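A short worksheet on the structure shown next.
Residue numbers (mature numbering (1 follows the signal peptide of the UniProt record, and there is no 0)): -22 to -1, 1 to 323.
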């Protein structure tokens, strides 16, 4: 695969010498072809070139108020039974407080369970809270894996004073969950399908992005190199929270060399610094500063990580190649994947 290193001069020197801090730069400088050691990896609605052999070590995704850790799928012949046993264990742990199943449905590849617990702050509490834990199971027989989901409590806790008879609200929340689960599909990467690509096997194949869409994923390569992506859509009424998120990120790194760079069609601020534990490594942090509350097309994006040139012995024979140049090259490949942003707004 043809990969070009952007800014083969020392990126740190380049940033430190910038006289126009606040300008927007796009890293698109072509250099001679390098060894075929990179490949595109899907990151939700985006993709980025990464070293071959990079491993997914952590991943969390949320949509429609259902959250899953897709980096640790259920596996083995007993994966469904193990999931059911885990849910039953959670119920039993609260059995003395009256925890019981109030919803149990599903077919072979999709199961739904809801456990109810009435919480009272005291024996004479006249306004108790109905706490409902909702769990969803989705199986992918093609790869003999499954994902377990849990609903966020903000949508499944009901106070008597505020919600009255909660059963209608609960049913309204439960009703679409099986169809949402069916959108999680086995779609081998690379592909151009709609939705959020989670792994090389599984994609949330949806035609419309939910307003609570959230993705956090970490990839690691060899000894010290890693990449962490954090992508979150903020609701229309969360302008303040979004502003605070961006301000806190930029403020915490204000002493480091930085400049504005466009990656993936988004404007953001890039920080480069040496690594405390390795003189041959670069720490990089890029934050999208053009994020818009209420937009799933322009969510907040954070890309952080470390590149150690010692993890890339294949590149040591090339001139002017250091960890800064490698980091910028990979960041420059970050882009929306084909049809990835379809259904966002």
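Backbone N, C-alpha and C fix where the C-beta goes; we use that ideal spot for every residue, glycine too. Model, not experiment: these values are computed from the prediction.
Within the continuous beta strand (DSSP E) that includes residue i, where are the two ends?
{"i": "residue 315", "result": "Taken as a continuous stretch (DSSP letters only), residue 315 belongs to no beta strand (DSSP E), as it is neither H nor E."}
{"i": "residue 282", "result": "278 to 286"}
{"i": "residue 209", "result": "203 to 210"}
{"i": "residue 214", "result": "It is not in any beta strand (DSSP E) - residue 214 carries neither H nor E in the DSSP assignment."}
{"i": "residue 244", "result": "244 to 252"}
{"i": "residue 182", "result": "180 to 182"}
{"i": "residue 113", "result": "107 to 118"}
{"i": "residue 78", "result": "78 to 84"}
{"i": "residue 265", "result": "259 to 266"}
{"i": "residue 93", "result": "88 to 97"}
Please state the DSSP three-state secondary structure of residue i.
{"i": "residue 18", "result": "strand"}
{"i": "residue 158", "result": "helix"}
{"i": "residue 33", "result": "strand"}
{"i": "residue 128", "result": "strand"}
{"i": "residue 68", "result": "helix"}
{"i": "residue 198", "result": "strand"}
{"i": "residue 294", "result": "coil"}
{"i": "residue 135", "result": "strand"}
{"i": "residue 307", "result": "helix"}
{"i": "residue 56", "result": "coil"}
{"i": "residue 165", "result": "coil"}
{"i": "residue 190", "result": "coil"}
{"i": "residue 273", "result": "coil"}
{"i": "residue 227", "result": "helix"}
{"i": "residue 411", "result": "No answer is possible for residue 411: the residues shown for the chain start at -22 and end at 323."}
{"i": "residue 123", "result": "strand"}
{"i": "residue 236", "result": "strand"}
{"i": "residue 324", "result": "This structure gives no information on residue 324, because the portion of the chain shown stretches from -22 to 323."}
{"i": "residue 27", "result": "strand"}
{"i": "residue 323", "result": "coil"}
Can you name, in chain order, every residue of its own chain whose Cβ lies under 7 Å from the Cβ of residue i, other than the five neighbours on each side?
{"i": "residue 51", "result": "123, 124 and 125"}
{"i": "residue 275", "result": "319, 322 and 323"}
{"i": "residue 231", "result": "249 and 263"}
{"i": "residue 156", "result": "88 and 90"}
Taking 6 Å as the line, does the beta carbon of residue i fall inside it for any heavy atom of the ligand HEM?
{"i": "residue 308", "result": "No copy of the ligand HEM occurs in the structure displayed, which carries no ligand at all."}
Given residue i, which residues of its chain have a CB within under 8 Å of its CB, disregarding the five upstream and five downstream residues?
{"i": "residue 2", "result": "Here residue 2 scores only 48 on pLDDT, less than 50, and its place in the model should not be relied on; the value that follows carries that caveat. Excluding residues within five positions, the ones whose Cβ falls inside 8 Å are 238, 239, 240 and 245."}
{"i": "residue 31", "result": "199 and 200"}
{"i": "residue 305", "result": "-12, 250, 260, 262, 283 and 285"}
{"i": "residue 268", "result": "244, 245, 246 and 276"}
For residue i, which residues of its own chain have a beta-carbon under 6 Å away from its beta-carbon, when the five flanking residues on both sides are left out?
{"i": "residue 316", "result": "170"}
{"i": "residue 345", "result": "No statement about residue 345 is possible, as the shown extent of the chain runs from -22 to 323 and does not include it."}
{"i": "residue 352", "result": "Outside the shown range of the chain (-22 to 323) lies residue 352, about which nothing can therefore be said."}
Over what stretch of residues does the alpha helix (DSSP H) that includes residue i continue unbroken?
{"i": "residue 145", "result": "145 to 152"}
The region 294 to 313 contacting the region 252 to 263, beta-carbon criterion three pairs below 8 Å: yes
For the structure I just gave you, are there three or more beta carbon pairs, one from the region 11 to 27 and one from the region 167 to 182, closer than 8 Å? yes
Say whether the region 174 to 190 touches the region 13 to 22, bearing in mind that this needs 3 or more beta-carbon pairs closer than 8 Å, one atom from each stretch. yes
Would you say the region 62 to 76 touches the region 212 to 228, given that touching needs at least three Cβ pairs under 8 Å? no
Count the C-beta pairs between the region 201 to 215 and the region 236 to 247 that are closer than 8 Å, then say yes if the count reaches three, no if not. no
Give a yes or no on contact between the region 57 to 69 and the region 133 to 153, applying the rule of three or more CB pairs nearer than 8 Å. Taking 8 Å as the limit for Cβ pairs, the verdict is that the region 133 to 153 does not touch the region 57 to 69.
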